[in-house]
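Chains as they are written, first to last, in our numbering: chain A, 1 to 363; chain B, 1001 to 1363. For reference, the structure is listed below as structure tokens.
Protein chains: 2
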Amino acid sequence: MFLDNNYDIIFAIEFIKFTCLEYEFKCETGIMMQNMTIYEIAKIAGVSASTVSRVLNNSPNVKEATRKLVLECIDKYHYSPSETARGLIKQSSKMVGILLPDARIMHHAESITFIQRELSAMGYCCLVMTTGRDEQERLRCLEILNQRRVDAAVLMGSSFQLDSIKNAIEKYLSQIPIIIANGYLELPNVYGIISDEYNGVLECVRLLFEKGRKKLAFIADYDTPSNQRKIAGFSAGMEKYYREHTPLIIWANGEFHEACRKVSEFMQKSPNIDGLIFAEDQLAAAGLRALRDMQISVPDQVSVIGINNSIITQICNPSLTALDNMSMDMSAAVVNNLIAVLQGRCVVKKMSLYSRIVERETT
Amino acid sequence: MFLDNNYDIIFAIEFIKFTCLEYEFKCETGIMMQNMTIYEIAKIAGVSASTVSRVLNNSPNVKEATRKLVLECIDKYHYSPSETARGLIKQSSKMVGILLPDARIMHHAESITFIQRELSAMGYCCLVMTTGRDEQERLRCLEILNQRRVDAAVLMGSSFQLDSIKNAIEKYLSQIPIIIANGYLELPNVYGIISDEYNGVLECVRLLFEKGRKKLAFIADYDTPSNQRKIAGFSAGMEKYYREHTPLIIWANGEFHEACRKVSEFMQKSPNIDGLIFAEDQLAAAGLRALRDMQISVPDQVSVIGINNSIITQICNPSLTALDNMSMDMSAAVVNNLIAVLQGRCVVKKMSLYSRIVERETT
DNA sequence: TTGTAGGCGTTATCAT
DNA sequence: ATGATAACGCCTACAA
Chain A
1 MFLDNNYDII FAIEFIKFTC LEYEFKCETG IMMQNMTIYE IAKIAGVSAS TVSRVLNNSP
61 NVKEATRKLV LECIDKYHYS PSETARGLIK QSSKMVGILL PDARIMHHAE SITFIQRELS
121 AMGYCCLVMT TGRDEQERLR CLEILNQRRV DAAVLMGSSF QLDSIKNAIE KYLSQIPIII
181 ANGYLELPNV YGIISDEYNG VLECVRLLFE KGRKKLAFIA DYDTPSNQRK IAGFSAGMEK
241 YYREHTPLII WANGEFHEAC RKVSEFMQKS PNIDGLIFAE DQLAAAGLRA LRDMQISVPD
301 QVSVIGINNS IITQICNPSL TALDNMSMDM SAAVVNNLIA VLQGRCVVKK MSLYSRIVER
361 ETT
Chain B
1001 MFLDNNYDII FAIEFIKFTC LEYEFKCETG IMMQNMTIYE IAKIAGVSAS TVSRVLNNSP
1061 NVKEATRKLV LECIDKYHYS PSETARGLIK QSSKMVGILL PDARIMHHAE SITFIQRELS
1121 AMGYCCLVMT TGRDEQERLR CLEILNQRRV DAAVLMGSSF QLDSIKNAIE KYLSQIPIII
1181 ANGYLELPNV YGIISDEYNG VLECVRLLFE KGRKKLAFIA DYDTPSNQRK IAGFSAGMEK
1241 YYREHTPLII WANGEFHEAC RKVSEFMQKS PNIDGLIFAE DQLAAAGLRA LRDMQISVPD
1301 QVSVIGINNS IITQICNPSL TALDNMSMDM SAAVVNNLIA VLQGRCVVKK MSLYSRIVER
1361 ETT
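Written out as structure tokens, the structure is:
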């Protein structure tokens, strides 16, 4: 059905191409038409393609009357230049690739919303690709970004901090700037902005210590560099405040209910635990659910802290105390660094962002 | 810093362009290089560009030995053809534009994750643009999609069901298929998949009626066609089960706390309300918070139902009963219809999806 | 089986 | 101020 229509269009266009007057006619009658080219506009306006191009690009070297005439034609026929063709000659696609494991991760969703808007205002489009946790898929995406000749790429999350990705960047994307949000790779074209989760979690331990909590555990989902930093901060905190050399690290990944079950199992085995730090807000939410199902009162019996300070903290009941790793600052830094590099300005290769605790009802 | 490096590259390339042997040398030493062209690969392989093109496109008309040789060169120099140039000649960008108000809306985040992955498997890339609620911004995005010559577009959410957008589509995007998720526009190239929220909310009213609830209210955030359908279903239900002709509709938009406040105000004024249906899960979560702050027990004193059945329903405490509007089915239908249209198959212009209630603790 | 030439829709360079 | 012409990197008749 759609295609049938298209045949008509193609026919109409063939017809149109040789008679200027026909343009008007077809347009008035509202027949759909293929995208026009700069040559067609030029012909209608009675000028050359270069003149139209000059008008399009606001060149000062166009007589005002000519400009006006051309603009009228452009407007009348809804002409807009093909960015594809432009990209070819300009050697710049004006596109930025954004890779992320999963748009459902709330703070990533927030980040792409922000980053995309800022870049859009600068005339860039975003090619968003969700890779999952699969390494091969990530490499494939990097190849695609190369084929699409994106002007830059943003990798969201420390889980992109992999040797295989480093190699792929060297191989495919060594000439465009790459920003890693919350990660870094030692490569001339890679820029990293890292959240100081080490000290953040250290502070979380201190908070729980000061609240008089006796026995803490850290619950992580996946083994990422970011989580390793959190765990390191936890270990340092346990050492410093509790003189404990073998901090309790629990792994609870998977979907919500799966995570619930794992937390539940752990708490059953360790009834003396009275403080939990979760690697992620949503994981903490699953933990809260598990505690509630076990009739463990929060924060009376157990204190809970999440990380990210996403909207989830407020949806939780009791509302979740969380380490704010400043994901908005992170996004802003990503955009600023990206734009700076694209404009050829000098940019810090690797920087760190402070984090801070936002206390709510679970502590 | 980055640019300085680039000058070296450009110099290296200039040098390379005229000596085949140099290619090897530069590559072994690992110097970054500009993307190669099909001509350069052809020269190195000692064949013509068309032969390389044939290999690239798996044409059968290539001698096996030649193919092998060419593939080796391609592999050795990490050559990959420019999709930009391909798009120009093929008149197809292999890109799909995805417009959505805000990636932070959970079920939209889920949808783009799904849609993007499926389309990626079909060789398409997704240009994701978040438009907010601003009409002008949406029109601007449609123009951009036209400039980028996307092969199709997906508009997420009924809020795209606007006359201005209909006009813009006629003007700029009349030749590519456009799928609206949960909305429709009467245009030859627009396809709609709509969630049957009318009957869904009608069922919600029935559920609350059967639970013995006496006085209901519907709380909506924004005035979208989707919410209007929900409200219509609510009104029909109130008529049918409660013989009430003036159903109570409350507007509570804005951020989480703002929504909380508005629900709070309303409940203060109407203490006899014992059943609330919210237009969205997150809004319901804000409602639950308000009720809790007012010491109103859920579901003992008031029953609460959300809509969408996102992960939020499980994060809530008590867990949220919700109308599942089958957003995964919706996404699947969007992808399937999109692919069908792109392949020239016949596709239903407008279809409806059933919704169903998932009962949890708030009712 | 392979190569040559022309074109996709722009912009840039050089004339005029 | 304007126009002709040659790129940009690829694909595809058509010719050999």
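The beta carbon of each residue, even a glycine, is placed where N, CA and C say it ideally should be.
For residue i, the first and last residue of its enclosing alpha helix (DSSP H)
| i | result |
| --- | --- |
| A/L185 | Premise fails: A/L185 is in no alpha helix (DSSP H) and is neither H nor E. |
| A/V52 | 49-56 |
| A/D134 | Neither: A/D134 is in no alpha helix (DSSP H) and is coded neither H nor E. |
| A/K171 | 163-172 |
Three-state class that DSSP yields for residue i in the structure shown
| i | result |
| --- | --- |
| A/I273 | coil |
| B/Y1191 | strand |
| A/K76 | helix |
| B/R1104 | coil |
| A/S352 | strand |
| B/I1311 | coil |
| A/T363 | coil |
| A/H245 | coil |
| A/E255 | coil |
| A/C204 | helix |
| A/P81 | coil |
| B/R1148 | coil |
| A/T113 | helix |
| A/C346 | coil |
| B/M1267 | helix |
| A/R67 | helix |
| B/C1316 | coil |
Proximity below 8 Å, CB of residue i to CB of residue j
| i | j | result |
| --- | --- | --- |
| B/L1353 | B/M1328 | no |
| A/Q161 | A/Y184 | yes |
| B/I1249 | B/F1266 | no |
| B/S1093 | B/R1140 | no |
| B/A1103 | A/T113 | yes |
| B/C1316 | B/A1285 | yes |
| A/I312 | A/D274 | no |
| A/G200 | A/N325 | yes |
| A/T66 | A/V47 | yes |
| A/L291 | A/I179 | no |
| B/V1348 | B/P1177 | no |
| B/A1181 | B/S1111 | yes |
| A/K230 | A/E197 | yes |
| A/I38 | A/C73 | no |
Through-space distance from residue j to residue i, alpha-carbon basis
| i | j | result |
| --- | --- | --- |
| B/L1100 | B/V1335 | 15 Å |
| A/T363 | B/N1167 | 54 Å |
| A/L127 | B/D1293 | 43 Å |
| B/S1159 | B/P1225 | 7 Å |
| A/Q268 | A/T130 | 36 Å |
| A/G157 | B/S1270 | 47 Å |
| B/E1137 | B/E1143 | 10 Å |
| B/A1085 | A/N189 | 25 Å |
| A/E40 | A/S82 | 13 Å |
| A/V62 | A/R54 | 7 Å |
| B/N1227 | A/S174 | 48 Å |
| B/K1076 | A/L323 | 47 Å |
| B/L1288 | A/E359 | 20 Å |
| A/M106 | A/N57 | 40 Å |
| A/G372 | A/S164 | Residue 372 of chain A lies beyond the stretch modelled for chain A, which goes from 1 to 363, so this question has no answer here. |
| B/I1277 | B/S1303 | 8 Å |
| B/D1134 | B/Y1222 | 13 Å |
| B/A1259 | B/N1308 | 18 Å |
| B/L1283 | A/A121 | 30 Å |
| A/E255 | A/L88 | 44 Å |
According to DSSP, residues forming a beta bridge with residue i
| i | result |
| --- | --- |
| A/F209 | The partner list for A/F209 (beta bridge, DSSP) is empty, contrary to what the question assumes. |
| A/T321 | A/I305 |
| A/F278 | A/I219 |
| A/L155 | A/L99, A/I180 |
| B/I1296 | Answer is none; B/I1296 lacks a bridge partner. |
| A/I250 | A/I219 |
Extent of the continuous beta strand (DSSP E) to which residue i belongs
| i | result |
| --- | --- |
| A/C125 | 125-130 |
| B/R1356 | 1356-1358 |
Any non-hydrogen atom of the ligand ADP closer than 7 Å to residue i Cβ
| i | result |
| --- | --- |
| A/R345 | With respect to the ligand ADP, the structure offers nothing, as it holds no ligand at all. |
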